[in-house]
Amino acid sequence: MDILQHATYDHTDFKIESRESVFQGFVQVEKVSFKHRLFNQDDSTPVISRELIARKEAAGVLIYNDKQQKFALIEQFRVGAIQDIDSPWQLEIIAGVLDGDESPASCIRRESLEESGCEINQLEHLFTFYPSAGACNEIFHLYSAQTTLPSEGGIFGMLDEGENIKLHLIQYSELNTLLNGNRLRNAPVIMALQWLKQHISTL
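Its first residue numbered 1, the sequence shown is counted upward by one per residue in UniProt numbering.
Spelled out as structure tokens, the structure:
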């Protein structure tokens, strides 16, 4: 089996014994009991119980413009970062959760208007990944999009959803400083800016 293309085992190699809802709110939490096959053995683990945080699929986009030599990031308060040594106000790419059967592309276009006022046409898919598969089932679709950026940032977000978002426009010349510093704390923005660094090197 080619591990670069396929996992060692598949859905036939584990069994869910039980699952129950523990909490339903902004996120949902289930208690899942399961067992799975062991590597290089025919045996399975004993029954293991874990809490599973259930979240909707999400999508995010890095918006940039080669002619303007700029990219945009947003800053907002994040409860998950309330113990961050610097600040719970985090720098991020534009992102949001998919609404119903909404596609990632549709979600991104909607979120871009809400969080930056920018319209997006062409999208480039970068990665689809689990941000924290050890405890959460969220799937994140990461894109980039070249678009016309405003001349300056501003305050955006949906007030009825508790959003208070600041848009920052950053020069390409400041990218390495940002990547080499301590300001970036979440995977999607780091992945997106690493992609942008590669993109700039080809210009």
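By construction, the Cβ of each residue, glycine as well, lies at the ideal position given by its N, Cα and C atoms.
I believe residue i touches residue j by the beta-carbon criterion, under 8 Å. Please report the beta-carbon distance rounded to the nearest angstrom.
i, j, result
"Lys70", "Tyr172", "7 Å"
"Glu51", "Val22", "7 Å"
"Leu4", "Ala192", "In fact, because the Cβ distance is near 24 Å, the residues do not count as touching under 8 Å."
Residue j and residue i - do their beta-carbons sit closer together than 8 Å?
i, j, result
"Glu115", "Ile94", "yes"
"Leu203", "Leu91", "no"
"Glu30", "Ala58", "no"
"Ile170", "Leu73", "yes"
Alpha carbons only, please: which of the options is nearest the one belonging to residue i?
i, options, result
"Phe39", "Ala7, Glu57, Glu30", "Ala7"
"Ile68", "Ala192, Thr148, Ala135", "Note that residue 68 is Gln in the sequence shown here, rather than Ile. Ranking the options by Cα distance to Gln68, first place goes to Thr148."
"Phe156", "Gln198, Arg110, Asn186, Leu175", "Arg110"
"Leu126", "Asn65, Gly60, Thr45", "Gly60"
"Asp13", "Ser44, Gln28, Gly154", "Ser44"
"Val27", "Ser103, Val189, Asn137, Leu167", "Asn137"
| message | My parser needs the alpha helix (DSSP H) runs of 4 or more residues fully inside the UniProt domain "Nudix hydrolase" (54–197); what are they? | response | Complete alpha helix (DSSP H) runs here, min 4: 104–116, 175–180.
| If we count Cβ pairs, one from each stretch, closer than 8 Å, do we get three or more for the segment 31–45 versus the segment 11–21? | yes
| query | Hey, is the segment 177–185 in contact with the segment 98–105, meaning 3+ C-beta pairs nearer than 8 Å? | reply | no
| Mind pulling the beta strand (DSSP E) runs of 3 or more residues that sit fully within the segment 6–31? | Runs of the beta strand (DSSP E) lying entirely within the segment 6–31 and spanning at least 3 residues, in chain order: 14–24.
| Counting pairs of beta carbons, one from the segment 148–167 and one from the segment 105–119, are three or more of them closer than 8 Å? | yes
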